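Each residue of the sequence shown is one higher than the one before, counting from 182 in our numbering.
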Amino acid sequence: MNPPPLSGTEETSEVDLTHPTKKEIAFKLVSSAENSSLDWKAQYSYIEDISDGRGYTAGIMGFCSGTGDLLEVVQYYTQLKPNNVLAKYLPALQRVIGTASHAGLDPTFINDWKTASKDVAFQQAQDHERDTVYFNPAVNQAKADGLHALGQFIYFDAYVMHGPGDDALSFGGIRAAAVDRATLPSQGGDEVAYLNAFLDARVNAMLSEESHQELDRVENAQRVFLRNGNLHLDNPLSWTMYGDKYHIR
């Protein structure tokens with residue numbers, strides 16, 4: 182089902198990233214970077230080892246076996262549906278956290294993940310992990326910082342790539358570096374100046390990690406929207422990701 186269109190006063194600055202239409206835009210933007218596709222719902226079945234030291238990367242947010250969020254997806258799925266095809270991997274998923282290991286997962290985990298992806302309960306589990314760990318905390322922090330929909334998306338995308346921690350290469354460290362350079366809008370600062378400082382800090386973090394040195398999602402999408410003054414992330418949107426052009430009308 183398509184989200185309801187924005188209309189009337191909903192097209193004003195009062196609408197934030199939690200509105201279904203804006204949320205759909207956010208997921209399409211992330212999917213263009215993570216999966217080279219706007220069809221984010223097709224990514225429930227996605228799984229591969231992208232050789233970034235985090236084991237398997239899978240699902241709509243690139244949940245990783247090595248970081249533990251993939252385990253959380255399977256745990257929640259098992260709460261919803263105890264006798265599922267992935268439940269047998271829970272011990273192995275516990276053991277591989279912090280490593281790139283596939284021990285106890287190969288050779289059947291990939292096929293079983295793809296089988297589970299057809300199950301609505303498993304899709305709900307992925308949605309739950311995305312919202313509780315990434316989307317909701319990012320949007321709530323952005324709103325507290327005085328940011329509109331674009332800034333809320335910029336925070337969300339940083340959560341997706343870097344995680345919610347406080348070290349220099351996680352969201353919290355990136356935000357702290359931005360706050361050192363620019364005043365938060367919630368404290369009277371200029372929103373564009375602050376978001377540019379945040380994106381600068383994020384670029385520095387990305388360049389510090391070999392697996393994150395492609396800067397298109399920042400420079401060819403988020404920074405473009407910011408230069409255009411599109412703080413409300415309104416349609417139409419056009420951006421380039423890894424050489425491919427995308428549009429949301």
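Even for Gly, the Cβ is constructed at its ideal location relative to N, Cα and C. Predicted model, so just to flag it, every value in this text is computed and none were measured.
Exposed unless 16 or more other CB atoms sit within 10 angstroms - verdict on residue i
i	result
Asn183	Its pLDDT being 46, under 50, Asn183 is placed unreliably in this model, and the value from its coordinates should be taken loosely. Burial call: exposed.
Tyr427	buried
Met422	buried
Val254	buried
Pro417	exposed
Ser232	exposed
Pro263	exposed
Val301	exposed
Gln403	buried
Thr289	exposed
Gln368	exposed
Ser188	Confidence at Ser188 is low in this model, with a pLDDT of 39, below 50, so the placement of that residue is unreliable and no value is reported for it.
Lys204	buried
Gly240	buried
Ala359	buried
Pro131	For the chain, the structure presents residues 182 to 430; residue 131 sits outside this window and is missing.
Gln260	exposed
Asp338	buried
Glu391	exposed
Gly424	exposed
First and last residue of the uninterrupted alpha helix (DSSP H) at residue i
i	result
Thr280	Counting along the chain, Thr280 falls outside any alpha helix (DSSP H), and DSSP gives it neither H nor E.
His309	301–310
Glu205	201–216
Phe316	Per DSSP, Phe316 belongs to no alpha helix (DSSP H) and is neither H nor E.
Trp294	290–297
Tyr257	250–261
The beta strand (DSSP E) enclosing residue i, as first and last residue numbers
i	result
Met422	418–422
In DSSP terms, what residue i is bridged to
i	result
Phe337	According to DSSP, Phe337 bridges with nothing at all.
His428	Ser419
Asp230	Tyr237
Phe244	Ala239
Cβ distance (whole Å) where residue i is taken to contact residue j below 8 Å
i	j	result
Asp250	Val341	About 10 Å; that fails the 8 Å criterion.
Thr248	Gly344	7 Å
Phe334	Leu396	With a Cβ gap of about 17 Å, Phe334 and Leu396 do not count as contacting.
Gly353	Asp347	4 Å
Ala268	Arg398	With 8 Å as the limit, Ala268 and Arg398 do not qualify as a contact, their Cβ atoms being about 34 Å apart.
Leu350	Ala319	About 16 Å; that fails the 8 Å criterion.
Asp197	Ala297	Between Ala297 and Asp197 the Cβ distance is about 32 Å, and since that is not below 8 Å, they are no contact.
Residue i: CB within 6 Å of a non-hydrogen atom of the ligand ADP
i	result
Arg356	As for the ligand ADP, it is missing from this structure, which has no ligand bound.
Looking at C-beta atoms only, is the number of pairs between the region 313–329 and the region 271–286 that lie closer than 8 Å three or more?
-> With a cut-off of 8 Å, the region 271–286 and the region 313–329 do not count as touching, because too few Cβ pairs lie within range.
Can you find at least 3 beta carbon pairs, one from the region 280–290 and one from the region 304–313, that sit closer than 8 Å?
-> Result no; under three Cβ-Cβ pairs closer than 8 Å.
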